[in-house]
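With full-length UniProt numbering applied, the sequence shown covers 1 to 455.
A virtual CB, placed ideally from N, CA and C, is assigned to each residue, including glycine.
Computed from a predicted structure; not experimentally measured.
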Amino acid sequence: MHTTIVALATPPGAGGIAVVRLSGSDSYAVAEQVFRPINPEKKVREAKGYTAMFGHFVQDGVVLDEVVALFFRGPRSYTGEDVVELSCHGGMVIAQTLISACIKAGAQPAAPGEYTQRAVLNGRMTLTQAEGVMDLISAAGRQGAALAQSALNGSLAKTIQGHRQKLLELAGHLAAWVDFPEEDVPQLEQSNLLQVLNEVRQGMTALVDGYGAGAVLRQGVDVAIVGSPNVGKSTLLNWLAGFERAIVTPIAGTTRDVVEQAVMLADIRMNLFDTAGIRQTDDVVEAEGIRRSHSKMEQAGLVLAMFDTSRPLTDEDRELAKLCGNYRAIALLNKADLQPVWDKQELEAHFGAVVEISAATEQGKQDLEQAVRQVLGVDKLDYSLPCLVSQRQLAAAVSAQQALEQAIQAQRDGFGLDAVSVCLDDALEALYQLSGEQASEQVIEEVFSKFCVGK
Ligand code: GDP
1 MHTTIVALAT PPGAGGIAVV RLSGSDSYAV AEQVFRPINP EKKVREAKGY
51 TAMFGHFVQD GVVLDEVVAL FFRGPRSYTG EDVVELSCHG GMVIAQTLIS
101 ACIKAGAQPA APGEYTQRAV LNGRMTLTQA EGVMDLISAA GRQGAALAQS
151 ALNGSLAKTI QGHRQKLLEL AGHLAAWVDF PEEDVPQLEQ SNLLQVLNEV
201 RQGMTALVDG YGAGAVLRQG VDVAIVGSPN VGKSTLLNWL AGFERAIVTP
251 IAGTTRDVVE QAVMLADIRM NLFDTAGIRQ TDDVVEAEGI RRSHSKMEQA
301 GLVLAMFDTS RPLTDEDREL AKLCGNYRAI ALLNKADLQP VWDKQELEAH
351 FGAVVEISAA TEQGKQDLEQ AVRQVLGVDK LDYSLPCLVS QRQLAAAVSA
401 QQALEQAIQA QRDGFGLDAV SVCLDDALEA LYQLSGEQAS EQVIEEVFSK
451 FCVGK
């Protein structure tokens, strides 16, 4: 941790500005060697925190670019260390040359997520907040970003802390009662014990239940468009994409492979997969496409199953509807612009929602958006509540939830307070893991290995 690190903080590639960030005790000394203030009176070493200087990136006496330097003095910086941010003109050559110059002047290249890791190690943020940072950077939609922000601002950490405090009080009381029976420790009220256990369990359940919908908002969802040939799958994809992405022809079996297209629908990033029509076939190529359609349905977070209301339902349509009962699926009754020959009640039992649309005349988008939000559970999400932002957090929250359920069960079944106390300790340990306060070095490394360099 005593090294001074350097990396590009902005995305690589052409852009207006590129920011090269230094962090560590030698940041100012390194910056002084590559950056020369325009005003010769000003000295980099003496720069106060939260100030800026205009100057040049100079190498071997040659001016290579104009630079604005921003100074932060530890501990009041992102990492808690001395930080200097050098903003040069965008484009890879200058930024990379500046980074090389900083390395020559004594800095080391930063590892992925090393800035945020240092912030955690220096007590500037908790591990859950760090995970929020990562999620915010990669959030796919506006609402997803809002959710990640709630992890970042520490509300998740505070919620966990609140739950933990309640359990700690209980555990302390129980331990005293179990270990020192002769000491006249007042016995816990059974109703009070159950109430606290239930409260915390409900808190955990809310976090666990909100994870899936939150992840959909932040990261998006894979969506498989399935249906018999010619129901309008490619037309739907083109409509949602806003341009001709898939080939549309009246000949059945035109889409022989899985076509991928990312679109925003209901403020959710959707990776659409237009699959080959699902039907029995002897054509080897098409059969392979159909096999992939099935596997895409299994992998997808949402299935859009299309049906053509202008022609009678076939056995294959009914088979597909039945299959959809196993997935989170929406039935799209397409070609609503034509005279329908069957009623939507026929399919309702198998789907989370049934929506009438016309992909060709672009009708029914609002209904589709509403159905998507409902089926993905996004409409029930309370943005003011904290949410879990990683699989690691989810696993710890599930462990806590299970341990609390066992504690409640042990109490109900009359197993005695020793048993409750053991389960309570398990729940507490899971909560410590969730907040990251007792995360092993391995877990911390794992979290930061997913970060990008420069963050
Ligand atoms: P896919 O095989 O399921 O991908 O179906 P396509 O998207 O290729 O569409 C098959 C045919 O149905 C094409 O001729 C489309 O123009 C037509 N079609 C698609 N959607 C609609 C719709 O909403 N209304 C009408 N009238 N025709 C449609």
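Nearest by alpha-carbon distance to residue i: which of the options is it?
i	options	result
residue 436	404, 422, 389	389
residue 229	363, 220, 91, 334	334
residue 485	366, 103, 322, 96	Missing from the structure shown is residue 485; the chain here goes from 1 to 455 and no further.
residue 381	218, 417, 46, 448	218
residue 303	332, 309, 317, 318	332
residue 37	16, 9, 66, 17	66
residue 26	392, 3, 14	3
residue 220	231, 198, 227, 262	262
residue 190	232, 426, 448, 414	414
residue 226	204, 269, 324	324
residue 456	204, 213, 240	Past the boundaries of the shown model lies residue 456; the chain is included only from 1 to 455, so the question cannot be answered.
residue 44	94, 82, 232, 112	82
residue 369	270, 418, 174, 42	270
residue 309	448, 241, 418, 231	231
residue 172	21, 64, 417, 449	417
residue 8	198, 101, 39	101
residue 379	156, 268, 21	268
residue 422	174, 326, 386	174
residue 60	233, 119, 455, 97	97
residue 385	317, 326, 156	156
How many whole angstroms separate the CB atoms of residue i and residue j, which I take to be in contact at a CB cut-off of 8 Å?
i	j	result
residue 49	residue 73	3 Å
residue 398	residue 328	So it is not a contact: roughly 20 Å between Cβ atoms.
residue 224	residue 273	5 Å
residue 164	residue 424	Contact doesn't hold; Cβ gap of about 11 Å is too wide.
residue 15	residue 90	3 Å
residue 266	residue 373	5 Å
residue 330	residue 353	5 Å
residue 115	residue 78	6 Å
Would you mind stating whether residue i and residue j have Cβ atoms separated by less than 8 Å?
i	j	result
residue 58	residue 71	no
residue 200	residue 166	yes
residue 359	residue 235	yes
residue 30	residue 80	no
residue 312	residue 341	yes
residue 6	residue 110	yes
residue 428	residue 168	yes
residue 347	residue 307	yes
residue 364	residue 336	yes
residue 444	residue 127	yes
residue 94	residue 136	no
residue 377	residue 241	no
residue 403	residue 426	yes
Just mark residue i as buried or exposed, buried being the case when its beta carbon has 16 or more other beta carbons within 10 Å.
i	result
residue 11	exposed
residue 297	buried
residue 92	exposed
residue 121	exposed
residue 294	exposed
residue 210	buried
residue 34	buried
residue 52	exposed
residue 76	exposed
residue 216	buried
residue 455	buried
Within a Cβ cutoff of 8 Å, which residues of the same chain sit near residue i, ignoring the five residues on either side of it in sequence?
i	result
residue 208	388, 394, 397, 398, 401
residue 405	201
Give me, in chain order, the residues of the same chain whose beta-carbon lies closer than 6 Å to that of residue i; leave out the 5 immediate sequence neighbours on both sides.
i	result
residue 343	none
residue 196	166, 170
residue 87	17, 19, 68
residue 420	407, 410, 411
residue 124	80
residue 448	113, 117
residue 99	6, 20
residue 222	271, 300, 301
Is the Cβ of residue i closer than 8 Å to any Cβ of chain C?
i	result
residue 107	No chain C is present in this structure, which holds just one protein chain.
Please tell me whether, using a cut-off of 7 Å, the distance from the CB of residue i to the nearest non-hydrogen atom of the ligand SAM is below it.
i	result
residue 240	What this structure holds is the ligand GDP, not the ligand SAM.
Going by beta carbon distance, what residues of the same chain come within less than 7 Å of residue i, once the five residues before and after it are set aside?
i	result
residue 322	350
residue 525	The first residue shown for the chain is 1 and the last is 455, placing residue 525 beyond what the model contains.
residue 361	337
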